[in-house]
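Colleague: Okay, here's the structure, questions in a sec.
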Amino acid sequence: MEKFKFDIYLKETGNLFPEVESLNSYDRAVILSNILKLLGLNKNSELFVEIERNLSSKDFDEDYVQNINKILKGFNFETTDYLFLVWNNDDIDKVKTKVLIENWSYIWYGDSDEAVVVYDNENSKILLITHYGRVFYN
């Protein structure tokens, strides 16, 4: 997650952002490998492009995308303890689902974030949330 998001959270709440872990290179590779295997792709694939090509999608208005709780419930993600946020191949965060839901407005900025993959490693589920309101899912 980009530093400015942590800074905004600290400025507005007076607290450090809770329970977000940026993955190291080894753990990032493991998570990316798991996602690519789930999609039947090789390691040279462009993850976001391939998700858009291979998964089903639903369109929502941009305000709906701001309500992550509805999205997670709608796609049965809310029961998992931890989720992974894939911003790109070099930026993956592990976050408690409860923290994600409670702090989505500090995590997702539709004006600056084009897309994020929400990955549930326990249940092999993927969501790609886009800034234009389309959600891709498996």
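Each residue of the sequence shown is one higher than the one before, starting from 0 at the first, in numbering that gives the first Met the number 0.
Beta carbons: idealized from backbone N, C-alpha and C, even for Gly.
As the structure is a computational prediction, the values presented were derived from the model and not from experiment.
#1: Where does Trp86 sit, in a helix, a strand or coil, going by DSSP?
#2: Using 10 angstroms around the beta-carbon of Phe3, count the other beta-carbons present and answer buried if the total reaches 16, otherwise exposed.
#3: Between the Cα of Gly109 and those of Leu127, Tyr118, Tyr131, Val117, spot the shortest distance and give me the residue it belongs to.
#4: Taking 8 Å as the threshold, find out whether the region 91 to 109 comes into contact with the region 0 to 14 through three or more Cβ pairs.
#5: In whole angstroms, give me the CA-to-CA distance for Lys95 and Val19.
Modeller: Let's see:
#1: As a working mapping, residue 86 is identified with position 87 in the sequence shown. Looking at Trp86 - three-state DSSP - the assignment turns out to be strand.
#2: Against the sequence shown, residue 3 aligns to sequence position 4. The residue in question, Phe3, is exposed, as its Cβ has fewer than 16 Cβ neighbours within 10 Å.
#3: In the sequence shown, residue 109 corresponds to position 110, counting from 1. Nearest of Leu127, Tyr118, Tyr131, Val117 to Gly109, Cα basis: Tyr131.
#4: Put simply, the region 91 to 109 touches the region 0 to 14. At least three CB pairs are less than 8 Å apart.
#5: Within the sequence shown, the letter at position 96 stands for residue 95. Within the sequence shown, the letter at position 20 stands for residue 19. Approximately 7 Å, taken between the alpha carbons.
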